[in-house]
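In my numbering, the protein residues as written are 44 to 145.
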């Protein structure tokens, strides 16, 4: 039995312009998800492909799948819970959170 994959929308890919970066970007991150500022947040329940960079010792890329769990209007954006992350991305997030607490 084949399970149909839900359509996913890609967000926070490599930004093509400064305007695109300003329109949509990650503002905070936790073990469970991220908040993405966006002029046009997606509806709750939308599955998204995540790909965004964080600055650590070097610029690193976090990749995975998320789901919009809330929409905010001040600042405008959406909370996205991680559904699936690469193991490398999970390690990066742990390292990032430990480093920020120091």
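Backbone N, C-alpha and C define an ideal beta-carbon position, used for all residues, glycine too.
Span of the beta strand (DSSP E) holding residue i?
i, result
"residue 107", "102-116"
"residue 123", "119-128"
"residue 77", "76-81"
"residue 91", "90-98"
Should residue i be labelled buried (16 or more other beta-carbon atoms within 10 Å of its own) or exposed?
i, result
"residue 76", "buried"
"residue 99", "exposed"
"residue 66", "A caution first: residue 66 carries a pLDDT of 43, below 50, which makes its placement in the model too unreliable to give a value."
"residue 102", "exposed"
"residue 117", "exposed"
"residue 89", "buried"
"residue 132", "buried"
My understanding is that residue i touches residue j, with C-beta atoms under 8 angstroms, so please give their C-beta distance in whole angstroms.
i, j, result
"residue 109", "residue 85", "Their Cβ separation, rounded to whole angstroms, is 10 angstroms, which puts residue 109 and residue 85 out of contact at 8 angstroms."
"residue 80", "residue 104", "Their Cβ separation, rounded to whole angstroms, is 19 angstroms, which puts residue 80 and residue 104 out of contact at 8 angstroms."
Can the beta-carbon of residue i be found less than 8 angstroms from the beta-carbon of residue j?
i, j, result
"residue 136", "residue 74", "yes"
"residue 112", "residue 91", "no"
"residue 97", "residue 139", "yes"
"residue 78", "residue 107", "no"
"residue 69", "residue 95", "yes"
Can you check whether the C-beta of residue i is within less than 8 angstroms of a C-beta belonging to chain B?
i, result
"residue 78", "This model lacks chain B altogether, as it is built from one protein chain only."
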